[in-house]
Amino acid sequence: QLCELLDNAGRGWRKLAEVAGVEKRFKCSAEELEMCSLKVLEPHGSPTQCLLQLLAERDCSLKYLLGCLERMGHAQACQVLSSAAQNMIHITVQPESQVVTEGTRVSLTCWATGPPRLTYQWFCGKQEVPGAMAPELVIDTAACPGQPGWYICRVNCGATFTFSRWAHVQVEKSSSPSSASGYCPTMTGLQILRQPRPCHLAEGDTLVLECRAIGNPPPQYQWFRNRRPVEGAQTPQLQVKLVTTAERGSYSCHVFNLFHEVWSREVDVEIGEGPRQDSPWGVLALFCPSVKTPALFPAPPSPILAATDKVALLMGNMHYQHHKQLKAPMVDVHTLSTLLRQLDFKVVSLLDLCKTEMQMAVNEFLLLLDKGVYAGLLYYAGHGYENFGNSFMVPIDAPSSYTSAHCLCVQQVLQSMQQRRTALNIFLLDMCRKRNLNDDIIPQVGALQVTANIVFGYATCADAEAYELNQGELSNGIFITFLKRWLLEDEKITVLLDKVAEDMGTLEITRGRQALELRSNLSERRALTDPIRPPSQDESSARNLQWAKAHVLPESRHLHFDCGVTVQLGFAAEFSNIMIIYTRVVAAPEDIAKCEAKLTDIPQELDVDLKCTNKESPEEVGSPLAPAWSLGCPSCCLYSRLCGLQKLRQELEFTVCLQYRYQGMDDFLEERQTVSVGKPLIAKLNLR
Numbered sequence: 001q002l003c004e005l006l007d008n009a010g011r012g013w014r015k016l017a018e019v020a021g022v023e024k025r026f027k028c029s030a031e032e033l034e035m036c037s038l039k040v041l042e043p044h045g046s047p048t049q050c051l052l053q054l055l056a057e058r059d060c061s062l063k064y065l066l067g068c069l070e071r072m073g074h075a076q077a078c079q080v081l082s083s084a085a086q087n088m089i090h091i092t093v094q095p096e097s098q099v100v101t102e103g104t105r106v107s108l109t110c111w112a113t114g115p116p117r118l119t120y121q122w123f124c125g126k127q128e129v130p131g132a133m134a135p136e137l138v139i140d141t142a143a144c145p146g147q148p149g150w151y152i153c154r155v156n157c158g159a160t161f162t163f164s165r166w167a168h169v170q171v172e173k174s175s176s177p178s179s180a181s182g183y184c185p186t187m188t189g190l191q192i193l194r195q196p197r198p199c200h201l202a203e204g205d206t207l208v209l210e211c212r213a214i215g216n217p218p219p220q221y222q223w224f225r226n227r228r229p230v231e232g233a234q235t236p237q238l239q240v241k242l243v244t245t246a247e248r249g250s251y252s253c254h255v256f257n258l259f260h261e262v263w264s265r266e267v268d269v270e271i272g273e274g275p276r277q278d279s280p281w282g283v284l285a286l287f288c289p290s291v292k293t294p295a296l297f298p299a300p301p302s303p304i305l306a307a308t309d310k311v312a313l314l315m316g317n318m319h320y321q322h323h324k325q326l327k328a329p330m331v332d333v334h335t336l337s338t339l340l341r342q343l344d345f346k347v348v349s350l351l352d353l354c355k356t357e358m359q360m361a362v363n364e365f366l367l368l369l370d371k372g373v374y375a376g377l378l379y380y381a382g383h384g385y386e387n388f389g390n391s392f393m394v395p396i397d398a399p400s401s402y403t404s405a406h407c408l409c410v411q412q413v414l415q416s417m418q419q420r421r422t423a424l425n426i427f428l429l430d431m432c433r434k435r436n437l438n439d440d441i442i443p444q445v446g447a448l449q450v451t452a453n454i455v456f457g458y459a460t461c462a463d464a465e466a467y468e469l470n471q472g473e474l475s476n477g478i479f480i481t482f483l484k485r486w487l488l489e490d491e492k493i494t495v496l497l498d499k500v501a502e503d504m505g506t507l508e509i510t511r512g513r514q515a516l517e518l519r520s521n522l523s524e525r526r527a528l529t530d531p532i533r534p535p536s537q538d539e540s541s542a543r544n545l546q547w548a549k550a551h552v553l554p555e556s557r558h559l560h561f562d563c564g565v566t567v568q569l570g571f572a573a574e575f576s577n578i579m580i581i582y583t584r585v586v587a588a589p590e591d592i593a594k595c596e597a598k599l600t601d602i603p604q605e606l607d608v609d610l611k612c613t614n615k616e617s618p619e620e621v622g623s624p625l626a627p628a629w630s631l632g633c634p635s636c637c638l639y640s641r642l643c644g645l646q647k648l649r650q651e652l653e654f655t656v657c658l659q660y661r662y663q664g665m666d667d668f669l670e671e672r673q674t675v676s677v678g679k680p681l682i683a684k685l686n687l688r
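Numbering-wise (the UniProt record's numbering), the sequence shown opens with residue 1 and increments by one.
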């Protein structure tokens, strides 16, 4: 549309080049202007198109371009560009209405994609909220009780804008005495109204614990005993009839919804008799609390350690450009991510990264870490080596004779993690540790802090190799084969890895060739099963938002074609950088005998095997893990697998091609629709 308006001699493309050239970096030379003008000689050439391309290559923003058109006085061109920019602003996370108790803080989030340099402004009713110009708005219901309960966010790009949907914040007075006892929610948007209470029962009694919460979306529940999930206990009330001593322990409830989570306080449940009255020490304990009991009495339990969050980055490199291809990393990363999610870890799982992508992935991982976060767990499976006590992870684009300059140094990553003040740093390195004879450089990592919270689990010893088991596509590597047996155990992480080492030692084929090595200075009993106790609403919300950005799938949608056929377009995630797209015909006129919808025009920068696209079964798309991700997919679909989402530079755009045939006809007809789904999953983080 701009080309049609500006391809003329008046207030056209030459005037635009003159106005834009006021800023030196956008000034076009005489040769460039002549190149633009010669475009009129081409069948479909456009001088304006050529000029806009030159401006784009110099990082000209839409805002600057719109300002140039306004200075030219070209109202029609301004209108076209403003409308286009407005259509490009897409709100991906809408603020949600919430019900909260009086005096608490609540968070509303609006996240949008579109042109660069988007700005935000929140409104309460029709009034701007002063200073509320960030994607997240935190409201203190105690500080502004008289304000209206309706909020909306405006997202701007220059003079163009779009609004989020309205969110209603309903404030209720708490009727629960336990909620007024000073126990505050640890996450915004979710409020516990009734806390569980400790109790002392006799064998045969009925145990009843209750945890009530409010939030939007509605909260879900999972009860824990001694920090382990209680099977089937997923309601606000936990009831166990005819209890025995097996039910004694410390109970807590994990309350969560799509955006937030919070833990109840932990309470003790005692089963059996209390202190015996005929014991002199029992009488003294009852009537004289200051009297100390003899040493034979058990010491009070040590405080339960907790994390402010649990975050893991899992990277697996398989398809090397200049080195031996590997098979196990994909299965190992998938296995480990599944287990860690059961332990409430926030997991980012990535396959086949070049050096730049690995470094950017680590940088984004560091943003998820903060004081008290643990474990900051980093797992790597792929080629690697060790020189002078430093371990190096080899990216898929490393040359045949690589050095430390082409790789990522694990110790440098650890140094960055220490600067984030994490409570526990775990490295699980499933790679070889042979010396690299091509690399004689001693890296200057710098001194590490003495933090007593570092654990290294190496799949093999120094100057030794790590092996894969040749047992088919779905077999784990040796390290994960044994680690997965113990990972969910409630053990100190070093004790857990010791058990893995003992198990690995029983494998005959690797005896004397591969053995797990554990290095640790961990002083506390830290375990992967430790509960999460977020200290700050703002910190937790920021981490959750950063993590959620990398895990947002496009919404399923329906495409309506002129012939009357409706096609469902759906999405599933295999890893954080691998997405499955499936198409399914859900409605067709009776006179259409056969039709199917296929994906075409997939961006070339993605790793897509065209022979494995538009397949009738999940197993045909080239993924051994199809049984895992296909469970939630409908039947009668065509599947395509898109790898390397981190390579996307623009929003993901492709074409859905509908081929159909009417009854009584032999020839197929065709209709096409272009679909844009934004930047899915890890592509939102711009690792390139």
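For glycine and all other residues, C-beta sits at the position ideal for the given N, C-alpha and C. Remember, predicted model here, so these are calculated numbers, not experimental data.
> Quick one, which of Gly215, Trp166, Thr510 and Leu65 has its alpha-carbon nearest Gln98's?
Replying inline: Gly215
> In chain order, what residues of the same chain have a beta carbon less than 6 Å from the beta carbon of Ser663, not counting five sequence neighbours either side?
Replying inline: The sequence given here places Gln at residue 663; Ser does not occur at that position. Here the set comprises Asp591 and Ala593.
>> Less than 8 Å between the beta carbons of Leu429 and Ala459, yes or no?
In response: yes
> Per DSSP, Asp430 is paired with what?
Replying inline: Ala381
> Gln191 and Ala213: beta carbons closer than 8 Å?
Replying inline: yes
> Per DSSP, which one or two residues make a beta bridge with Gly215?
Replying inline: Leu190
> Grouping DSSP H, G and I as helix and E and B as strand, with all else coil, what is Arg228?
Replying inline: strand
> Do the region 605-621 and the region 659-675 touch if we need at least three Cβ pairs shorter than 8 Å?
Replying inline: no
>> If you follow the beta strand (DSSP E) that Leu351 is in, where does it begin and where does it stop?
In response: Lys346 to Leu351
> By the 10 Å Cβ neighbour count, where 16 or more other Cβ atoms means buried, how is Pro395 classified, buried or exposed?
Replying inline: Residue burial is scored here from C-beta neighbours: Pro395 has at least 16 other C-beta atoms within 10 angstroms and is therefore classed as buried.
>> Let's see if you can read the secondary structure: which residues bound the beta strand (DSSP E) around Lys355?
In response: Element bounds for Lys355: not the beta strand (DSSP E) but the alpha helix (DSSP H), Lys355 to Leu367.
> In its own chain, which residues sit with a C-beta less than 6 Å from the C-beta of Leu685, not counting the 5 before and 5 after it?
Replying inline: Glu364 and Ala550
>> Short of 6 Å in beta carbon distance, which residues of its chain neighbour Cys643, apart from the five on each side in sequence? Order them along the chain.
In response: Ile578 and Asp607
> Whose C-alpha, out of Leu66, Val138, Val100 and Arg105, is nearest the C-alpha of Pro219?
Replying inline: Val100
> Is the region 479-486 touching the region 325-341 in the sense that three or more CB pairs, one from each, lie closer than 8 Å?
Replying inline: yes
>> Less than 8 Å between the beta carbons of Cys153 and Cys110, yes or no?
In response: In this structure, Cys110 lies closer than 8 Å to Cys153 by Cβ.
>> Here's the rule: buried if 16 or more other CB atoms are within 10 angstroms of the residue's CB, otherwise exposed. What is Gly384?
In response: buried
> Do you know how far the Cα of Gln121 is from the Cα of Glu102?
Replying inline: 25 Å
> Between Gln646 and the rest of its own chain, which residues show a CB-CB distance below 6 Å, the 5 nearest in sequence each way excluded?
Replying inline: Glu357, Asn577, Ile682 and Leu687
> Among all the DSSP beta bridges, which residues are the ones paired with Val99?
Replying inline: Gln170
> Which residue from Val347, Ser264, Gly272 and Glu261 puts its Cα closest to that of Ala246?
Replying inline: Gly272
> Where does the unbroken beta strand (DSSP E) through His560 begin, and where does it stop?
Replying inline: Arg557 to His560
>> Just verifying my parser: in three-state terms, what is the DSSP assignment at Tyr582?
In response: strand
> Arg525 to Ala312, Cα distance in whole Å?
Replying inline: 19 Å
> What are the boundary residues of the beta strand (DSSP E) that includes Gly512?
Replying inline: Where Gly512 is concerned, there is no enclosing beta strand (DSSP E), given that its DSSP letter is neither H nor E.
> What residues match up with Asn390 in a beta bridge as DSSP calls it?
Replying inline: Asn387
> Quick one: what does DSSP say Arg14 is sitting in, helix, strand or coil?
Replying inline: helix
>> Tell me the rounded alpha-carbon separation between Leu448 and Thr113.
In response: The straight-line gap separating the alpha-carbon atoms of Leu448 and Thr113 is approximately 39 Å.
>> Can you tell me whether Gly12 is buried or exposed? The criterion is at least 16 other CB atoms within 10 Å of its CB, across all chains shown.
In response: buried
> Span of the beta strand (DSSP E) holding Phe123?
Replying inline: Thr119 to Cys124
> Quick one: what's got a C-beta closer than 6 Å to Ser349's C-beta in the same chain, skipping five residues either side?
Replying inline: Scanning its chain for C-beta atoms nearer than 6 Å, with the 5 sequence neighbours on each side dropped, one finds around Ser349 the residues Leu314, Val333, Ser337, Phe575 and Ser576, in chain order.
> Roughly how many whole angstroms lie between the Cα atoms of Leu16 and Val93?
Replying inline: 36 Å
>> Classify Thr119: buried if its beta carbon has 16 or more other beta carbons within 10 angstroms, exposed otherwise.
In response: exposed
> Does the Cβ of Phe427 have 16 or more other Cβ atoms within 10 Å, making it buried, or fewer, making it exposed?
Replying inline: buried
> Buried or exposed: Pro47, going by 16 or more other Cβ atoms within 10 Å of its Cβ?
Replying inline: buried
> Thinking C-beta only, is Ile532 closer than 8 Å to Asp309?
Replying inline: yes
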